[in-house]
Amino acid sequence: MDEGTGEVLSRAVLARRVDWCADLVAGMVSGLLAERWNADDVEVLASGVDAGGRKLPSNAWMALRRLGWTATAAEGVKVNDRVVRMAQEQAGRALRSAWWRAGLTGGVLLRQLCCLSAASERGSLGGKRPERGRGGPVTCCGAALRKGTTPVGGRRGSS
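Just so you know, we're using the working numbering here: the sequence shown kicks off at 96 and counts up by one.
Listed below in structure tokens is the structure:
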């Protein structure tokens with residue numbers, strides 16, 4: 096229903112408005128991600144605490160607001176706060192998942208490097224797969240990837 100006229104909207108008009116809103120939110124998300132997609136900001140969000148040491152809310156949009164990270168629409172476009180929250184939630188989820196994806200990717204790469212390094216030291220790279228056993232590459236890498244550490248060995252949330 097059109098709020099101004101009270102008329103019921105046709106499906107085509109409703110679809111155009113939904114598309115416009117989705118494009119608007121996507122643009123707001125892109126802007127926020129472009130501003131915050133860096134290691135420092137991703138780590139701040141992943142730490143789970145704000146500058147005052149308070150626990151961040153589990154809702155991504157609320158956590159971003161607590162940190163003062165806002166999503167804005169294009170100049171001259173006024174949007175409802177629900178639209179802003181949708182953009183902040185989407186961007187916040189992407190930023191939070193970036194921390195975990197980076198950790199997983201780093202862990203896989205570290206393990207592969209350990210395996211290749213151990214195989215190279217044993218001279219077993221001549222067309223053979225590295226051995227996987229007690230005291231081999233798996234142990235090497237397992238020690239490097241303890242729970243609660245980043246792929247580079249730092250503790251999550253520390254500076």
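Every residue gets a Cβ at the ideal spot worked out from N, C-alpha and C, and that includes glycine.
In summary, E102 is exposed, with fewer than 16 beta-carbon neighbours lying within 10 Å of its beta-carbon over all protein chains present. Pairing M123 with A182 gives a Cβ-Cβ distance under 9 Å. Cβ neighbours of A110 within its own chain (closer than 8 Å, five residues either side excluded): none. Only buried fits E184, as 16 or more other CB atoms lie within 10 angstroms of its CB. In its chain, beyond the 5 residues on either side, A166 have a beta carbon closer than 6 Å to the beta carbon of V179. Distances from the CA of D176 to each of A146, L127, V120 were compared; the closest alpha carbon is that of V120. By the neighbour-count criterion, in which a residue is buried when 16 or more other Cβ atoms sit within 10 angstroms of its Cβ, L204 is exposed.
M157: member of the alpha helix (DSSP H) spanning 155-162, first to last residue. Going by beta carbons, V139 and A197 fall outside the 9 Å limit. A155 sits buried, since 16 or more C-beta atoms from the chains shown fall within 10 Å of its C-beta. Judged by DSSP in its simplified three-state form, V172 adopts coil rather than helix or strand.
In this chain, the alpha helix (DSSP H) harbouring V120 covers 106-131. According to the DSSP assignment, L140 belongs to the alpha helix (DSSP H) that extends over 134-142.
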